[in-house]
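K.L.:
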Amino acid sequence: MIEQRHLYGWADPVFYEAPGEQLGETRKFGAAVRDLPDGWTRTARGVWTVLRPPGANLPDQGWKIHVSAVGEDAEDTVSTVSDYCTEHGTAHKFLGGMDLFELFNAKYMPRQGSGKLITVYPADEAELERTLRGLDALLGGRPGPHVLTDLRWNEGPLHVRYGAFRERYLVDERGHRVPALAGPDGTLVPDERKPGCYAPAWVEVPSFLTEQPPASGGGLKQHGYRVLRALHFSNGGGVYLAEREADGRTLVLKEARPGAGLDSRGRDAVARLEREGWALERLVGIEGVPELYDRFTVGGHRFLAMEYVDGEMLWLWLATYHPLLFSGSGHAEEAAYADRAMALADRVEQLVDAVHERGVVFGDLHPGNILVTEDGRVGLIDFEAAFPADEPAGRSALGAQGFMAPDGFHGPAVDHYALAALRAWFLLPLNRLAALSPGRELGWIHAAEQRFGHLLAPGVLKTITERLTPPRPADAVGDGPVPPRRARLRRRREELLGLPCEVTPGGPGTDWDAVRQSLAEGILTGATPHRRDRLFPGDAEQFSTDGACFAYGAAGVLWALDAAGRGRYPDHEEWLLERVRDGLHPVPGFYTGLHGTAHVLAGFGHDEEALWLVGQADANVDRLRDPGLFRGLSGIGLNLVHLARRYGDDRLLARAAGLADRVAALVDDPALPGAPGTAQAGLMRGWSGPALFLIRMYEATGDERHLDRAARALGLDLAGCVPQSNGSLQVADRGVRTLAYLDVGSGGIALVADELLEHRDDPALAEAVTGIRRACEAEFVVEPHLLNGRSGLMAVVSRLARRDTEGRARAAVSLHLERLAWHALAHRGHLAFAGEQSYRLSSDLATGSAGILLGITAAVDGAAPFLPFFGPRPVPSGPR
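Numbering (full-length UniProt numbering), first residue to last: 1 to 880.
#1: Put residue 885 into one of helix, strand or coil per three-state DSSP.
#2: How about the segment 402-420 and the segment 344-353: do they share at least three Cβ pairs that are nearer than 8 Å?
#3: Straight-line CA distance for I445 to E466?
#4: Within 10 angstroms of the Cβ of I2, are there 16 or more other Cβ atoms? Answer buried if so, exposed if not.
#5: Cα separation between G140 and I370?
#6: With a CB to CB cut of under 8 Å and the five nearest residues on each side skipped, what residues in its chain are close to A457?
#7: Going straight from the alpha carbon of T545 to that of G459, what length do you get?
#8: Would you report the Cα separation of L815 and M794, rounded to the nearest angstrom?
#9: Give the range of the beta strand (DSSP E) segment to which E243 is assigned.
#10: Which whole-angstrom value describes the C-beta separation of R423 and Q401, a residue pair presumed to lie in contact below a C-beta threshold of 8 Å?
#11: May I ask which residues mark the beginning and end of the beta strand (DSSP E) holding V178?
#12: Shortest alpha-carbon distance to C776 belongs to which of A809, E758, A766 and P763?
#13: Taking DSSP's pairing of strands, which residues face S234 in a bridge?
#14: Find the nearest neighbour of L158 within the set V78, L253 and D390, judged by alpha-carbon distance.
#15: When you compare the CB positions of G658 and G748, do they come within less than 9 Å of one another, or not?
#16: Which value, in whole angstroms, describes the spacing of the CA atoms of E494 and Q724?
#17: In whole angstroms, what is the alpha-carbon distance linking P19 and G498?
#18: What are the start and end residues of the beta strand (DSSP E) that includes R52?
#19: At a Cβ threshold of 9 Å, is H606 touching chain B?
#20: State the CB to CB distance for the pair V50 and L95, rounded to an integer number of angstroms; the pair is presumed to be in contact (CB under 8 Å).
#21: Are the Cβ atoms of V189 and W63 separated by less than 9 Å?
#22: Would you grab the beta carbon distance between A551 and D844 for me? Rounded to a whole angstrom, and I think it's under 8 Å.
#23: With respect to the alpha helix (DSSP H) encompassing I381, which residues constitute its N-terminal and C-terminal limits?
#24: DSSP three-state call for W202: helix, strand or coil?
#25: Alpha carbon to alpha carbon, what distance is there between A821 and G829?
#26: With a threshold of 8 Å, are at least 3 pairs of Cβ atoms found where one atom belongs to the segment 232-241 and the other to the segment 105-121?
#27: Under the three-state reduction of DSSP, which class applies to residue 884: helix, strand or coil?
#28: Return yes when the Cβ of L643 is within less than 9 Å of the Cβ of S688, no when it is not.
#29: DSSP three-state call for F362: helix, strand or coil?
#30: How close, in whole Å, do the beta carbons of L151 and A164 come, if the pair is a contact with beta carbons under 8 Å?
#31: With a CB to CB cut of under 7 Å and the five nearest residues on each side skipped, what residues in its chain are close to A476?
#32: Near V239, what residues of its chain come up, given a Cβ to Cβ distance below 6 Å and the 5 sequence neighbours on each side ignored?
#33: Judging by CA-CA distance, which residue of T297, R485, G596 and R712 is the nearest neighbour of F869?
#34: Measure the Cβ-Cβ separation of R737 and F780 and say whether it is below 9 Å.
#35: For N57, is the classification buried or exposed, using 16 other Cβ atoms within 10 angstroms of its Cβ as the cut-off for buried?
#36: Using the DSSP secondary-structure output, state which residues sit across from L170 in a beta bridge.
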């Protein structure tokens, strides 16, 4: 998801946006604006400028050429290739300007698109060969990043791949819409874009391509290293755990791809790897800094071999020990944690001071670059952003949100800012919000002081505040002129986020109706009914699904506004109906496809359109093997049961019964392909969604076998849970953390267990529900969302409060409501919240304000629905 956030976070500083929707002007390539020969057409298609010759009649798929470049050659490369193609009548496209080239070649962008500056579409294999040889005569030997999915032609920037010439898609067995090719029999198959796979197995590769020489430089084995596993990938290269064959030593190999992984100053991964090598050599002997063993080149890619530090990342340490992540912690646990955390921060600061004494600024200090060993020692990794301490106006060109020093900080002060942010993060990990709220740091420190100030040594928070405060302009070393695009983005951020919110969620006196109304008005203020791609700005995923779907699009937002008592909006419903008439993506699943939109339209009385969508979805349901609620069979089945009841239609129920049989087969044999693993345990992607579907099938048919299998499915999810020291029960996620969320986590499991307990008395299951409820009562939650955050947890606790005889549940709901203030932001003066990873604001149901509105309503009103397919539950009255 980090690639999605960077791709769709580029064009707008407040909301996720398609990169083709730039704010203001960009640096366009000359070929994008100059006159064309007679009959040629030029079309802007998203980020691409497409040029077609007169009478072009290209096939749907075939061999295409990708041309890459480095920054200093990009303009001339586009001009040279476009001139050649227009002279020879060959269709082609290129990124529209230098800004887009730098974006798509940046470090955290999808690797499968890396280096693709220009795409050329030869009409046949003969033209392919002529074009390759012609362009090679013009560009051969020029540097350019290797396009990982392609075959490289000679040693230059030309690459070849067999793929689609026009966009075609299919729905795969997991319910995703993926690019497609026609197979030998005409059936669509996935157009897989994996490194090294430049042609499907059934395509005959032309002989002039098979004669290409192998990449030079030998392999890692030739240099005496054996890769054990990949630790991390980015557009700039990979990081690998490896073994040195000479002595069996385990170490880390860091790879840098030439011309790829650009930072904000246009430096590529190789330049940063060289900077990392410089820093490690200068810091030899400092405990906590990896030792550098070797430098070498393989296939044109640069490598460093360095010491492997056996420790866990600092964010995992915090997730293990922070007392507010576990309900029931008391003063003693909090005091012990504060002492331990500040001592750990002291050790990090001492290590950074030692680095500064050698004349090096680390430059990118954040919890993902700090390791903690079992005995409490700390280490630093990833020195690629390091720079000399005496470098004039020295700053890093990379940085983590919430830890990267703003303008005005230079030299060692860059690390001092990050150290102060780190100390505050140990107390309340809310750093990421600073980018979306000017001056947020001071409010964040105030919240930390209220919660932990009495446990800290005198002056700690004062020092943190001083180090986070930018120096006065007169004291600051100049950063140089602000680029025009950056200045425009800054003005837009201030325009949309600078006005304070009229209401704030908080303590016992909060007017929760005013809070909900402000939240609803903020959602509506952000609506863009003039656009066809989306109505409400949501998560970056809405660009991979569509702007209509339930999780990330208009359907879910309109459902939430209505369910939360904020009213119906006929104009916005008409927008949704128009998108249905235009034709939505044929993805059938509930949260990301047609069934979720159909559910909402049926609830609003648009029956004809709802049933038409259900019919449209049928074409791809048979392909699905995912039994889950989010994209798979159970979400579809639940909607069919709901619509069958609504319309009294036995045919819909019969369709649901067929899906129930397919889900039951997976429950009976969890080893079958398509079954979710324990790492996905939870309501949306685990076995709890199928359990809910089978419970509703039992209610519709009276068939006890559905209830038996529902219990079995819940048992599979509960097997993925682990007990905590405070008696809570959470999902063990990939062995590195535990979760209680609605999506992946135990909170969603408890919701379905509560439904099953309505039909069967099961003391063990009831005990598990109590343990899960305790997990959902934790005071600190990183993000406020419905599916993966605080709003979902407080809605679960509110719904389960009737099973609590001690009164803890209602107290926990009140605390959750109060702590929403930690996450609250403002958008044009209305209450708003950030989406996933707090990178941009979001209005959608899954990650944004619409889902939070549902969570607040469930917590305040008690019986209010916050997800489809769950009936109301009477609970003790909540805060009003």
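For glycine and all other residues, C-beta sits at the position ideal for the given N, C-alpha and C.
P.N.:
If we stick to the structure as given:
#1: There is no way to answer for residue 885, as the model of the chain reaches only from 1 to 880.
#2: yes
#3: 11 Å
#4: exposed
#5: 43 Å
#6: Excluding residues within five positions, the ones whose Cβ falls inside 8 Å are M342.
#7: Between T545 and G459, the C-alpha separation is close to 50 Å.
#8: 9 Å
#9: Going by DSSP, E243 is part of the beta strand (DSSP E) stretching over G237 to R244.
#10: With 8 Å as the limit, R423 and Q401 do not qualify as a contact, their Cβ atoms being about 17 Å apart.
#11: R177 to A182
#12: Closest option to C776, Cα to Cα, is A809.
#13: G237
#14: Distance from the Cα of L158 is smallest, within the candidate group V78, L253 and D390, for V78.
#15: No; because the gap between Cβ atoms is not below 9 Å, this pair is not in contact.
#16: CA-to-CA, the gap between E494 and Q724 works out to about 43 Å.
#17: Between P19 and G498, the C-alpha separation is close to 24 Å.
#18: W48 to R52
#19: Given the protein chain composition of this structure (a single chain), no chain B is represented.
#20: Not confirmed; about 11 Å, so no contact.
#21: no
#22: Sure, about 7 Å apart at Cβ, within 8 Å.
#23: Per DSSP, I381 belongs to no alpha helix (DSSP H) and is neither H nor E.
#24: coil
#25: Spanning the two alpha carbons is a distance of roughly 15 Å.
#26: yes
#27: The chain is shown only over 1 to 880; residue 884 falls outside these bounds and no answer can be derived.
#28: no
#29: coil
#30: In fact, because the Cβ distance is near 17 Å, the residues do not count as touching under 8 Å.
#31: Only weak support is given to the placement of A476: the predicted model assigns it a pLDDT of 45, under 50, and the value that follows is read from those uncertain coordinates. For A476, where only same-chain residues beyond five positions count, the Cβ hits under 7 Å are G408.
#32: L231, H232 and K254
#33: G596
#34: In this structure, R737 sits away from F780, with a CB-CB distance that is not shorter than 9 Å.
#35: When all chains shown are included, N57 counts as exposed.
#36: V178
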